[in-house]
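Notes follow once the structure below has been shown.
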Amino acid sequence: MSIRDAIAEAVERRHLAPLPHFLPGVAPVRHVFVTSEVWDFVGGPALPKELAKKAAEGRRMLDSFTAGNKIVVSLNPHDKPPHCQLSRNDPTEEGVWEFRIRDPKPQVRIFGCFAECDVFVALSVVSKDDLVGKLAYPLAVADNSSIWGGIFPEHNPVTGEDINAYISGSFGFI
Amino acid sequence: MRTFQEASALSEPQGDEPIDRFTLAYMAGLTRDRIHEMVLSAFIESGLTKAALARRLDWDKSRVSKVINTSNNMTLETLGEVMFAIDGSCPSAARNWPLREVKVNLREPEWFAECMDGVRIRTNTFHAGISGSSTPTTTNVVTMRPRASEDA
């Protein structure tokens, strides 16, 4: 079974859902699939006021990826621009990335993995306040690897040092 | 069973009903995104380095990095300075109505269509917008169709 078939099956089993762009006229260039946890966060307006702005930022960031906009990406978890939008996490061989929602505070991270080039599977949402200490990120990566393994037991996420294996077309790699 | 149902359809403002905060924040962020896309594209096309741009503006390089790397909430005056410093241009304002655009075909590419077979896109007729237009369009409400076993 290919990873595409596995995604289709995960959608059929309702472990994942494709995340359409919030605006109706935007043609998807890349694709995002989300777990119900991520959907509950970025899925729309039915959120408490204190979360709405943060969630809208998260949705906008995922939509920006879907629309093929230029985004700032870093492969190096330890040396990235402070305002990098999409970053790979350590241990890098796990292939777990994060969308970094820096405003409003406290910051939020949407963790996920690339199923193939331009196909991001968003797995979980974590407040940056909960990512404190040396072990926080390795544990978060392990958690998300576990979620990935539960959805795709026969497939590993994309790994490696070639940025073009993750994202094609226009991206800012600064 | 958890579902993936969107809370409500996105529509243009009508009357004096308050707009939810999610939508307002999304549209504000979208505007920042568009400005950032313009700045980043101009910067890349110019071939400038961030250090060179910082010297032109007499800024710290970190301030330039923030403007180039993020869709931050810069002032209009800062935008004017940055764009002129990059390539001598002056941005002009334009607007569009994203909810009036025709809904795109979400069933491309082909393999994605298979994924979408379990998803029903519900279309809606949009109410008259703030300009009085009544052009029908669609909303992006997505609901998950019950599995075959649940249909039975």
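Protein chains in written order, with our numbering: chain U, 99 to 272; chain W, 45 to 196. Note that the Cβ used here is the ideal one computed from N, Cα and C, for glycine as well.
Notebook entry, point to check: the stretch 170–194 of chain U: which residues have C-beta closer than 8 angstroms to a C-beta of chain W, in chain order?
Noted result: Of all residues in the stretch 170–194 of chain U, VAL170, PRO179, PRO180, HIS181, CYS182 and GLN183 have a Cβ within less than 8 angstroms of some Cβ in chain W.
Next item on the list: Kindly say whether HIS171 of chain W, judged by its beta-carbon, lies nearer than 9 angstroms to any beta-carbon of chain U.
Entry: Here HIS171 of chain W scores only 27 on pLDDT, less than 50, and its place in the model is too uncertain to base an answer on.
Notebook entry, point to check: Taking the C-alpha atoms as reference points, what is the distance between LYS147 of chain U and ASP64 of chain W?
Noted result: Cα to Cα, the separation comes out at about 9 angstroms.
Next item on the list: Indicate, with yes or no, if the ligand ZN has a heavy atom lying under 8 angstroms from the CB of LYS168 of chain U.
Entry: Looking for the ligand ZN in the displayed structure turns up nothing, as the structure carries no ligands at all.
Notebook entry, point to check: So, does the CB of GLY73 of chain W fall closer than 9 angstroms to a CB anywhere in chain U?
Noted result: Closer than 9 angstroms to the CB of GLY73 of chain W there is at least one CB belonging to chain U.
Checklist line | Proximal residues to HIS129 of chain U (C-beta, below 6 angstroms), its chain only, five neighbours per side dropped | finding: Same-chain partners within the cutoff: VAL217.
Notebook entry, point to check: Less than 9 angstroms separating the beta-carbons of LEU145 of chain U and PHE66 of chain W?
Noted result: Going by C-beta atoms, LEU145 of chain U is nearer than 9 angstroms to PHE66 of chain W.
Item checked: Span separating the alpha-carbon of ALA72 of chain W from that of VAL109 of chain U -> Taking the straight line from one Cα to the other gives about 31 angstroms.
Next item on the list: For chain W, find out if any of its Cβ atoms is closer than 9 angstroms to the Cβ of VAL124 of chain U; answer yes or no.
Entry: Interface criterion met: the Cβ of VAL124 of chain U is under 9 angstroms from a Cβ in chain W.
Notebook entry, point to check: Interface residues of chain U around PRO142 of chain W at Cβ under 8 angstroms?
Noted result: Simply LEU121, PRO122, GLY123 and VAL124.
Notebook entry, point to check: Nearest-angstrom Cα distance between ALA213 of chain U and THR190 of chain U?
Noted result: Cα to Cα, ALA213 of chain U sits roughly 15 angstroms from THR190 of chain U.
Margin query: Looking at chain W, is there any beta carbon in it that lies within less than 9 angstroms of the beta carbon of ARG207 of chain U?
Written below: Chain W contact via Cβ: absent.
Note to self: Run through chain U and tell me which residues come within less than 7 angstroms of LEU101 of chain W, C-beta to C-beta.
What the structure shows: Ordered by position in chain U, no residue passes the 7 angstroms Cβ test against LEU101 of chain W, which lies about 17 angstroms from the chain.
Next item on the list: In the DSSP assignment, find the unbroken alpha helix (DSSP H) run with HIS80 of chain W in it and report its ends.
Entry: Here the alpha helix (DSSP H) through HIS80 of chain W covers 65–90.
Margin query: Taking DSSP's pairing of strands, which residues face TRP195 of chain U in a bridge?
Written below: Beta-bridge partners assigned by DSSP to TRP195 of chain U: U:ARG186 and U:GLY210.
Next item on the list: Mind checking who VAL171 of chain U pairs with in its DSSP beta bridge?
Entry: In the DSSP output, where bridge partners are listed per residue, VAL171 of chain U has U:LEU184.
Notebook entry, point to check: Going by the beta-carbon positions, is the gap between VAL219 of chain U and VAL206 of chain U smaller than 9 angstroms?
Noted result: Not in contact: VAL219 of chain U and VAL206 of chain U (Cβ atoms no closer than 9 angstroms).
Note to self: Measuring alpha carbon to alpha carbon, tell me which residue in W:ASP77, W:PRO62, W:VAL83 and W:GLN58 is nearest LEU123 of chain W.
What the structure shows: If we check each option's Cα against that of LEU123 of chain W, W:VAL83 comes out closest.
Margin query: Within 9 angstroms of any Cβ in chain W, is that where the Cβ of LEU145 of chain U sits?
Written below: Chain W contact via Cβ: present.
Check: Would HIS171 of chain W be called buried (16 or more neighbouring beta carbons within 10 Å of its own) or exposed?
Finding: Caution is warranted here: a pLDDT of 27 is assigned to HIS171 of chain W, below 50, making its placement in the model unreliable, and the coordinate value is therefore given only provisionally. It counts as exposed.
Checklist line | Other residues of its chain near PHE87 of chain W: CB distance less than 6 angstroms, five sequence neighbours each side excluded | finding: Here the set comprises ILE112 and ILE130.
Item checked: Alpha-carbon spacing of LEU97 of chain W relative to GLN58 of chain W, whole angstroms -> If I take the Cα positions, the gap works out to 44 angstroms.
Check: Among U:LYS168, U:VAL256 and U:HIS176, which one has its Cα closest to the Cα of VAL127 of chain U?
Finding: Taking the Cα of VAL127 of chain U as reference, the smallest distance to any Cα among U:LYS168, U:VAL256 and U:HIS176 is reached at U:LYS168.
Check: Along the chain, where does the beta strand (DSSP E) that runs through LEU221 of chain U open and close?
Finding: 217–225 is the extent of the beta strand (DSSP E) around LEU221 of chain U.
Margin query: Excluding the 5 residues flanking ILE174 of chain W on each side, which residues of the same chain have their C-beta closer than 7 angstroms to its C-beta?
Written below: In this prediction, ILE174 of chain W scores a pLDDT of 27, lower than 50, which makes its location untrustworthy; no coordinate-derived value is stated.
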